[in-house]
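For the sequence shown, the numbering used here gives the first residue as 8, with consecutive numbering after it.
Positions of the beta carbon are idealized from the N, C-alpha and C atoms, including for glycine.
Here the structure is laid out as structure tokens; the discussion comes afterwards.
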Amino acid sequence: MWNEIELLTSDDTGNGCLSIGSREEHGTALYQVDTLVKISSSEKVSFNPKLRACNSSDGCTVVADQSVTLLDSSCQALRLHLQFGTQVDVVGLCQDGEFLLVGERSGNLHLIHVATKQILLTNALVQKAPDETQSTYRDLIIEKNDEGLYHVFLLTSDGFFCIMDLHLGEIQKAIQKMDLNMAKEGTGDCVLSKWEQDSQKLVTVTSLTDSSMIKGAKKFQLIDNLLFILDTENVLSLWDAYTLTPIWNWPSVHIEEFLLTTEADSPSSVTWQGITSNLKLIALTTPNDKQMRYLMVYSLPTMNLLYSLQVSDVASLVKSGISTDTIYLLEGIYENDKKSSESSVSVLVLRCLTEALPENRLSRLLHKRKFAEAESFAIQFGLDIELVYKVKSNAILERLASSSVAIGGQSTCQELVEEAKENLRKIQDDEFVVNYCMKAQWPTYDTTQEMLNYAKIRVLRAQAKLTTFNGAFGPENFSGISWIEFLKNEDILKDIFFQLGEGNLARAQYLWLRHRADFESRFDETMLEKLLNSIAATIPVQALCLWFKNIVIPFVRRVVPKGQKILAKWLEQGARNLELTDKANWPENGLQMAEVFFTAKNPDDLGLASSWHWIPLKEYQSSEEVCQLKKLVNSLQELIKLVRKYNCRLALSDFEKENATTIVFRMFDKVLAPELIPSTLTKFIRPYMKEHSLQEEKVLLLYIKELLKCCSSQSASLFETAWEAKAMAVIGCLSDTDKSADFLDLQGDEEFRRVIYLLQPLPIDYSSRMLYVIATSASSIGVNQLTFAHRRRALQCLLYSADTETIESVFKKPIEEVKCFLKCITFLAEFETLNIPYTYESFHSSPKEGMIKGLWKNHSHEPMAVRLVAELSLEYKVYDPQLWNGLLQKLLGFNMINYLRNVLAAISSVHSLWQIPYFSKSWQRVILIPLLSASCPPSPTQLQDCCESLVALLECPVSTDFDVTGVAKQFVQLDLPAFALACLLLMPQSEKKEQQIKNFLDLCNPETILQQVDEHMKTGELAGFASQIRSFILTDLINKKQFEMFTKTEYLPLLKFHMANTNKVKEVVDYLAKENCLDGISAVIIENLKQSGKPIPADTSAFEIVKVTETNPLFVLSYRLTD
């Protein structure tokens, strides 16, 4: 007996089993779920109740078995509660909620006066349905006409009743004169029928649909001419209400109940395709195999799922009017919100669902400290995820403060500390993290020190980012908004892609140099494709090729070797495109781009044993893409030779169709006058034939034959064309080869090349098996003792000479496992050199951190062992601060400066190591030692070391801690002003930086700086920064109007180009005018117009380009310049 009613406040709705808890909730929309009413039984519940409910402006009626509960429309007040003898099938309110109609399973229909709780009328309209599980009354509809009279329509198990003209204002009179008609005009298995009232006020059927079209209807809803019907097979369909013809059905979801709602005041006349976008379908699905239903909200007519909520298997939609934006759900809740096979619901709840802002739900979740739910919710709706972490961090702070004073709270405190550390790592707001670490009541001294060090690291990271911003964009482009966006951007590759897309190669190079370590571990083929596709066509080929040669290609080979195919294909296509986009420099520019793949630096130059990642696998070196690129290089070399040596220019597409013989034909074709044939043959064609070992007379005869064939087919008469004269000229002439350069591009040491050379004559299957036996043998082959170094060499040869399929068939393992095997024996060879007895099995199974620390403890006095510790730590990501502080100290002590620089670059992405004392000290020593040991002027080797020092300064993540001015002074003492200026440009303090640079430039020769930039800085890692230095010098020169310094130097074209790009042409023209330098003005204007796509004909005189007025010869005006 469901007779205990409890009205709930908003504070109760999230408590215990009444909340929706962690149920599945999906969709693009969000609904706030509140529980309004709790109904329980005073008796033990032995079976689940049958539920139904309806809500309108008159009130809300809830039915559970024999119980009927009437609430006001807001469900905040109880108006009536009644118990009946049998189950209640239908209920309905009328007359502003004053009267209640109740239809029982027994067949009784009751009219009840709500205020007095009196049953005014009981009438048994029909007999009880034969099957007790079936409803006697199927549906109840109460309509009010314009005269204030009510019409009641009752659908029963075997017919249809209507009660017309019910005047509830005169209830007694209406009871006596009630016009009761029973309509049973449908015959056969009638499922749908349409009824109308005739002139005699009798209701008759006008059209019907039998079961051949629909099995049985259990619920319907009408919107103007559209009729939504739910049949007995739980399929929802749509029908035309006038003709009862089906329009659409939806069998994919089994629906138990449905409602239609809209935000509009009333539905307008619509057709199916013309349904307004705010019409929604609310569906309650049938229970699934886990006995759970879903409440689903769809938009019509697209049927897009807006919202889905998991609900109990005992649930019912509350019937409501269409013009509402609120969904009511009656739901049965099991004890502890868990259902067992024999359990029944213990509580009924009435829930209200209203569309809500995600921000409000997130705020409520955070207020209730449901952080896990809040985190997933924020991710789902794209909200501020950091807000969750910040609120959670503050909650931990409160718990820390209370736990620190509690007895026995030490273990709890430590758990909270670990939770706080994990949470802080997810927060990008450095200011919040630093303040948090400083203000928290940490439980121990060690923890306090650790967290303050963590705060320091966050500050150092921000400073490193600021240094990057300054170097890439300059202080003039600084703003609070742009800086914060740059600081919070964890994906520096996006910035690199953007700068490449904008044509800013220098910025992209600098960002790459500073943050390569941050993205190296996650760089893959997809990122490589994005990188290549982002490169703007406006970037100069020469600058791009230098970056690829020294940086990008070695990086790809080492980090993502599979990307070499992608790279080769892109370079091939890019080189081919230059024939159209940069025809003036073709084909030299195409060769420069194509051959960079083969002339790039070797990744082994990194100097780490972990360069085992770079293995020249045959499948990459001999792939179709690489072979095509190699073929293109050969073709372009031949094209260039044809132009330079043989004065024959061909399109690439034409050349690739030719052979040596037909190229001779084309050389003859390009001779316009027959009398020039002999001299052309002697000067160009005969040397070409000799170089390609062609038999001269045979080729000449073939040309004559082709000439005859081609020309005769195009002419009506052999005597009407000029081919005869050329043929006669060729007839009149009748009477050891250079190898192309091999690029691949063999790399590696001399012994490796020797082994590969010796293996080449052997069949690949034989050499593969032999190398496999050597690589995998335990200790010896015959009398020969095998070391791990031998095995490593054998496996390297196998990987180089055989393709992946062959290797995998020999090893019977995937190629990745073979690479892992190579990695292990590479390290074992190092252990072997140190006389440390490790087998492959013991090395593979040993915990790596313990192995590394044992090696460090026993062998830290040996340089080779210290190097091996560093490489093992890098490979297996062992970043213990104490270990690494000692490692860096030892590497410095052993004076392994070049190696130390590579190690520092490798650990720059490990932010936890920035705090150790020797991290910053090692960077300083790596930068300064080469400068302090160099002579003036430096030797070529010392000069290379100075370049490396400057690169290290650019890469260093903690350079803000350095005395950059002191480093610049060291470069000045070595007579390297360009390097010194690069250091000063890295200074973070704007005012001091500006003054330092001004003083420096007053003492230096800008031509010397540009000369050093060209000689030492335009390649490799410094290429990106070199353009900034060049631009800075030229801009300073223009601002000071010191143009005469460059007017007679090789840098005048560079100055003109820079002026054209920076809109400084007017200043230069004005200056040259004062000097009456007409030719100089003409040259500047020509360069400017060339850059703007308006080239001037070569034979145009300076006087035509520049007009000098007679009245003021110092005032120069160019009509072309002002175009």
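With a Cβ-Cβ cutoff of 8 angstroms, do residue i and residue j count as a contact?
i	j	result
Pro-1060	Gln-1019	no
Ser-323	Tyr-341	no
Glu-105	Val-95	no
Lys-2	Gly-110	Within the shown structure, residues of the chain are numbered from 8 to 1130, placing residue 2 beyond reach of any answer.
Ser-81	Trp-9	no
Thr-292	Tyr-301	yes
Phe-505	Trp-490	no
Val-958	Glu-1028	yes
Val-737	Ile-711	yes
Under the DSSP definition of a beta bridge, which residues are partnered with residue i?
i	result
Trp-9	Ser-48
Trp-519	Trp-519 is not bridged to any residue.
Gly-66	Ser-63
Phe-750	Answer is none; Phe-750 lacks a bridge partner.
Ser-319	Met-299
Trp-257	Leu-243
Kindly indicate the opening and closing residues of the alpha helix (DSSP H) around residue i.
i	result
Phe-838	822 to 840
Cys-6	Outside the shown range of the chain (8 to 1130) lies residue 6, about which nothing can therefore be said.
Leu-895	888 to 900
Tyr-249	Where Tyr-249 is concerned, there is no enclosing alpha helix (DSSP H), given that its DSSP letter is neither H nor E.
His-866	855 to 866
Tyr-695	693 to 698
Val-979	971 to 980
Glu-1014	1013 to 1019
Tyr-144	Element bounds for Tyr-144: not the alpha helix (DSSP H) but the beta strand (DSSP E), 144 to 151.
If you draw a straight line from the alpha carbon of residue i to that of residue j, how long is it in whole angstroms?
i	j	result
Ala-190	Asp-165	Low per-residue confidence applies at Ala-190: pLDDT is 37, beneath 50, and the placement is therefore not dependable enough to give any value.
Phe-838	Ala-872	8 angstroms
Thr-129	Gly-66	22 angstroms
Glu-1111	Val-1075	19 angstroms
Tyr-883	Leu-841	20 angstroms
Leu-14	Leu-355	12 angstroms
Leu-1128	Gln-1035	With a pLDDT of 39 at Leu-1128, under the threshold of 50, the modelled position of that residue is not reliable, and the figure given next carries that caveat. If I take the Cα positions, the gap works out to 28 angstroms.
Leu-802	Ile-822	12 angstroms
Pro-610	Leu-829	17 angstroms
Trp-619	Thr-833	Only weak support is given to the placement of Trp-619: the predicted model assigns it a pLDDT of 47, under 50, and the value that follows is read from those uncertain coordinates. One C-alpha to the other measures close to 8 angstroms.
Ser-919	Cys-1011	41 angstroms
Tyr-314	Ile-334	12 angstroms
Asn-430	Ala-408	17 angstroms
Lys-399	Val-974	45 angstroms
Pro-561	Asp-752	12 angstroms
Trp-891	Leu-875	13 angstroms
Asp-931	Lys-495	Residue identity differs from the one stated: residue 931 is Gln in this sequence, not Asp. So the alpha carbons of these two residues sit roughly 28 angstroms apart.
Asn-285	Ile-254	21 angstroms
Assuming residue i and residue j form a contact by the criterion Cβ under 8 angstroms, report the distance between their Cβ atoms to the nearest whole angstrom.
i	j	result
Glu-338	Arg-358	6 angstroms
Leu-961	Arg-521	7 angstroms
Leu-688	Cys-740	5 angstroms
Gly-570	Leu-518	Going by Cβ atoms, the distance from Gly-570 to Leu-518 rounds to 20 angstroms, so no, they are not a contact pair.
Leu-288	Leu-307	6 angstroms
Met-458	Ala-469	Actually they are not in contact, since the Cβ atoms of Met-458 and Ala-469 sit about 17 angstroms apart, beyond 8 angstroms.
Leu-512	Trp-577	Contact doesn't hold; Cβ gap of about 16 angstroms is too wide.
Arg-582	Met-600	For clarity, residue 582 is Ala in the given sequence; the question names Arg instead. 4 angstroms between Cβ atoms; contact.
Considering residue i, what are the terminal residues of the beta strand (DSSP E) in which it resides?
i	result
Ala-290	286 to 292
His-158	157 to 163
Pro-937	No beta strand (DSSP E) contains Pro-937, which is instead part of the alpha helix (DSSP H) from 924 to 940.
Val-98	95 to 101
Cys-552	Note, Cys-552: premise wrong, no beta strand (DSSP E); alpha helix (DSSP H) at 548 to 554.
Cys-169	167 to 173
Met-268	The sequence given here has Thr at residue 268, not Met. Per DSSP, Thr-268 belongs to the beta strand (DSSP E) from 262 to 269.
Thr-76	74 to 78
Tyr-335	333 to 340
For residue i, is the beta carbon positioned less than 7 angstroms from some heavy atom of the ligand SAH?
i	result
Asp-1009	As presented, the structure is devoid of all ligands, the ligand SAH included, so that no description of it is given.
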